[in-house]
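Okay, so here's the structure we're looking at.
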Amino acid sequence: MNSSPTNYAMVRRLILKDWYLNRWMIIGSVPAGLASLAIILTGKQVAFLISIILLCMVIIGVGAQLAMATTINERKEQTLAFIMSLPVSWREYTAAKILANLIIFLIPWLAITAGALGILLLPGATHGLIPFTAIMAVEMLVTTCLIIAAGVITESQAWLTVAILCSSLGLNVLGYVFAHTHGISPQMWGTSVHWTATACTILLAEFLAAALVLAFTFFVQSRKTDFL
Numbered sequence: 138m139n140s141s142p143t144n145y146a147m148v149r150r151l152i153l154k155d156w157y158l159n160r161w162m163i164i165g166s167v168p169a170g171l172a173s174l175a176i177i178l179t180g181k182q183v184a185f186l187i188s189i190i191l192l193c194m195v196i197i198g199v200g201a202q203l204a205m206a207t208t209i210n211e212r213k214e215q216t217l218a219f220i221m222s223l224p225v226s227w228r229e230y231t232a233a234k235i236l237a238n239l240i241i242f243l244i245p246w247l248a249i250t251a252g253a254l255g256i257l258l259l260p261g262a263t264h265g266l267i268p269f270t271a272i273m274a275v276e277m278l279v280t281t282c283l284i285i286a287a288g289v290i291t292e293s294q295a296w297l298t299v300a301i302l303c304s305s306l307g308l309n310v311l312g313y314v315f316a317h318t319h320g321i322s323p324q325m326w327g328t329s330v331h332w333t334a335t336a337c338t339i340l341l342a343e344f345l346a347a348a349l350v351l352a353f354t355f356f357v358q359s360r361k362t363d364f365l
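In my numbering, each residue's number is its place in the sequence shown (first place is 1) plus 137.
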């Protein structure tokens, strides 16, 4: 791979390729996620928890499938060698993989997150759940970044599976911890929104974690001597 200035046109083509190959999965995930939001409308605590679990399954499933299709399958189907023969550097290849996964993932993530927050903003809804919902939505983004990183760095189905399992377990554990954190739990089931210092700190930490994961991915890729 060459080290010439960034070939933006090639990066764009690689992103569009991944979008084209995964378009139906993304299009199908949006209504599946939005349908699970209808459970929240019952206004019951159990219904909200069930809806969150279903949303986690949909969103994490999308991220996992994307990572599998855009990284692992390319190596298994021996299309990676062809891509590496194109005029692209490791930076361009890594950027294309990360951007493709993130951009495609953000379509259902934004739609479902906006839908969940929109429902909680309706008159009579439990508005106190909005901070917790935002925290869990961003946590799903962080776990997806971890899955993407595992796929791009290892290109191994075994390691990707481990990353998916760990991310899913971690999401459930953190969800429980956040829901019982002082500064979040007392306001969760109230009728007004409380953006406490605890909630804001967790959100900032999550965005920082996502950025660090992606930066770490670029660092590891820069240390590789062989991409085939």
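A virtual CB, placed ideally from N, CA and C, is assigned to each residue, including glycine.
The Cβ atoms of LEU257 and ILE267 lie closer than 8 angstroms to each other. Between MET277 and TRP246 the beta-carbon gap is near 7 angstroms, inside 8 angstroms, which marks them as a contact.
Straight-line spacing of the CA atoms in VAL167 and LYS361 works out to 36 angstroms.
When rounded, the separation of the alpha-carbon atoms in GLN202 and VAL299 is 14 angstroms.
Excluding residues up to 5 positions away in sequence, ILE209 lie with their Cβ nearer than 7 angstroms to the Cβ of GLN294 in the same chain. Straight-line measurement puts the Cα of LEU191 at about 12 angstroms from the Cα of ASN309. In this structure, LEU243 lies away from VAL350, with their beta-carbon atoms at least 8 angstroms apart. Here the alpha carbon of HIS264 sits roughly 47 angstroms from the alpha carbon of ASN144.
When only Cα atoms are considered, PHE353 and GLN182 end up about 38 angstroms apart. Within the model, the alpha-carbon separation for ILE152 versus LEU236 is close to 7 angstroms.
Excluding sequence positions up to five before and after VAL289, its CB lies within less than 6 angstroms of the CB of THR208, LYS234 and THR354, all in the same chain and listed in chain order.
Around the CB of SER329, fewer than 16 other CB atoms lie within 10 Å, so the residue is classed as exposed.
A residue is called buried when at least 16 other Cβ atoms come within 10 angstroms of its Cβ; VAL195 meets this threshold and is buried.
Secondary structure of ILE321 (DSSP, three-state): coil. Proximity to GLU292 across VAL225, ALA172 and ALA204 peaks at ALA204, based on C-alpha coordinates. Exposure of THR338 is indicated by the presence of fewer than 16 other C-beta atoms within 10 angstroms of its C-beta.
Sequence-distant Cβ neighbours of LEU297 in its own chain, meaning closer than 8 angstroms and more than five residues away, are ALA201, ALA204, MET205, THR208, ILE209, ILE284, ALA287, GLY288 and THR291.
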